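Asker:
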Amino acid sequence: MPKIGVLAIQGDFLEHGKMLDAISIDWSEVRLPDQLEGLDGLIIPGGESTTIVQLMDIYGFRDAIKRRSSEGMAVWGTCAGMIVIARKLLDRRPEPLGLMNIEVSRNAFGRQVDSFETDIQVSSIEGDPIHAIFIRAPVVTNVGPEVEIIAEVEDGKPVAVKQGKLMATSFHPELTDDTRLHELFCRLSSS
Ligand code: GLN
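With numbering that gives the first Met the number 0 applied, the sequence shown corresponds to residues 0 to 190, in that order.
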């Protein structure tokens with residue numbers, strides 16, 4: 000069984016914890032870089048990416064996460080977490096970690112439709128579509144050749160991507176009671 004950490008410096012980390020509890024996964028809150036040691040996977044939650052990156056840099060997370068990722072720790076960014084792990088943003092702030100070869104645009108669904116819900120098919124997940132909740136969500140605007148697009152919204156915008164042991168979703172699976180994406184990430188973490 001994988002050991003999963005949830006970055007707990009800002010955002011909806013407790014909701015991710017509840018999902019992991021629901022599938023009986025051993026997880027811990029990560030508040031300092033040395034708590035990354037021994038983890039098989041790290042979830043970076045939704046929240047406010049500028050605040051998350053600012054606090055990450057104050058606590059010294061940037062190099063520690065990159066190092067643990069290069070050692071094989073899986074990383075999943077949801078919403079703001081997707082922005083945090085991107086290689087490049089179309090926005091001036093924040094300075095992303097550059098873990099995953101994706102280009103991302105923040106708040107990409109426009110002001111009027113800041114938040115919406117829809118059902119999407121995720122290619123690695125069997126059964127019914129996933130109910131996806133988008134809250135001032137980012138979108139992937141470009142991907143490197145090694146990146147697999149596993150879900151897109153109707154107009155073809157990618158909203159879930161995978162690259163080796165890295166995963167990013169624009170939406171918030173932790174706000175539903177569907178644990179299939181958390182199960183997918185746990186499988187990736189123990190692979
Ligand atoms: N709009 C937020 C940002 O740019 C992300 C929103 C979210 O995580 N729900 O950081």
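Idealized CB from N, CA, C, for every residue including glycine. No experiment lies behind these values; they were computed from the predicted model shown.
Return helix, strand or coil for Val52, following the three-state DSSP convention.
Answerer: Along the sequence shown, read from residue 1 onward, the residue named residue 52 stands at position 53. Val52 falls in the helix class under three-state DSSP.
Asker: Taking only the alpha-carbon atoms, compute the straight-line gap between Glu145 and Lys65 and give it to the nearest angstrom.
Answerer: By one-based count along the sequence shown, residue 145 stands at place 146. By one-based count along the sequence shown, residue 65 stands at place 66. Their Cα atoms are separated by approximately 18 Å.
Asker: For the ligand GLN, is there a heavy atom less than 7 Å away from the beta-carbon of Glu116?
Answerer: Within the sequence shown, residue 116 is the residue found at index 117, counting from 1. Because no heavy atom of the ligand GLN lies under 7 Å away, the Cβ of Glu116 does not count as near it: no.
Asker: With a threshold of 6 Å on Cβ separation, who are the neighbours of Thr50 within its own chain once the five nearest residues in sequence on each side are excluded?
Answerer: Within the sequence shown, residue 50 is the residue found at index 51, counting from 1. Excluding residues within five positions, the ones whose Cβ falls inside 6 Å are Gln9.
Asker: What are the boundary residues of the beta strand (DSSP E) that includes Val146?
Answerer: Numbered from its first residue, the sequence shown carries residue 146 at position 147. Counting along the chain, Val146 falls outside any beta strand (DSSP E), and DSSP gives it neither H nor E.
Asker: By how many angstroms is the C-alpha of Asp56 removed from the C-alpha of Pro32?
Answerer: If you number the sequence shown from 1, residue 32 lands on position 33. If you number the sequence shown from 1, residue 56 lands on position 57. Their backbone Cα atoms lie some 10 Å apart in a straight line.
Asker: Compare the C-alpha of Ser169 against each of Gln162, Gly163, Pro95 and Val138 and name the closest.
Answerer: Counted from its first residue, the sequence shown places residue 169 at position 170. Looking at the Cα atoms, Val138 is the closest of the given residues.
Asker: Can you tell me whether Pro128 is buried or exposed, with buried defined as 16 or more other CB within 10 angstroms of its CB?
Answerer: Taking the first residue of the sequence shown as 1, we reach residue 128 at position 129. Per the 10 Å Cβ criterion, exposed.
Asker: Can you list every residue whose CB sits closer than 7 Å to some heavy atom of the ligand GLN, going in chain order?
Answerer: Any residue whose Cβ sits closer than 7 Å to a heavy atom of the ligand GLN makes the list: Gly10, Gly45, Gly46, Glu47, Ser48, Thr49, Cys78, Ala79, Ile82, Arg105, Asn106, Ile134, Arg135, Ala136, Pro137 and His171.
Asker: Rounded to whole angstroms, what's the CA-CA distance from Val52 to Val152? Just pull it up for me.
Answerer: For the purposes of this step, residue 52 is taken as residue 53 along the sequence shown, with counting starting at 1. For the purposes of this step, residue 152 is taken as residue 153 along the sequence shown, with counting starting at 1. Answer to the nearest angstrom: the Cα atoms are 27 Å apart.
Asker: DSSP state of Arg66, grouped into three classes?
Answerer: Here residue 66 refers to the residue found at position 67 of the sequence shown. The answer is helix: DSSP assigns Arg66 an H, G or I state.
Asker: For the alpha helix (DSSP H) holding His130, just list the boundary residues, first then last.
Answerer: Position 131 of the sequence shown, counting from 1, holds the residue named residue 130. Unbroken run through His130 is the beta strand (DSSP E), Ile129 to Ile134; no alpha helix (DSSP H).
Asker: Go ahead and pull the three-state DSSP assignment for Ala167.
Answerer: Along the sequence shown, read from residue 1 onward, the residue named residue 167 stands at position 168. Correct three-state label for Ala167: strand.
Asker: For Met18, which three-state DSSP category applies?
Answerer: For the purposes of this step, residue 18 is taken as residue 19 along the sequence shown, with counting starting at 1. Reduced to three states, the DSSP call for Met18 is helix.
Asker: Secondary structure at Gln162, three-state DSSP: helix, strand or coil?
Answerer: Translated into positions along the sequence shown, residue 162 becomes position 163. The answer is strand: DSSP assigns Gln162 an E or B state.
Asker: Is it buried or exposed, Leu41, if we count other Cβ atoms within 10 angstroms and call 16 or more buried?
Answerer: The sequence position of residue 41 within the sequence shown is 42, counting from 1. So Leu41 counts as buried.
Asker: Can you tell me where the alpha helix (DSSP H) with Ser188 in it begins and where it stops?
Answerer: On the sequence shown, position 189 is the one that residue 188 refers to. Taken as a continuous stretch (DSSP letters only), the alpha helix (DSSP H) holding Ser188 covers Arg179 to Ser188.
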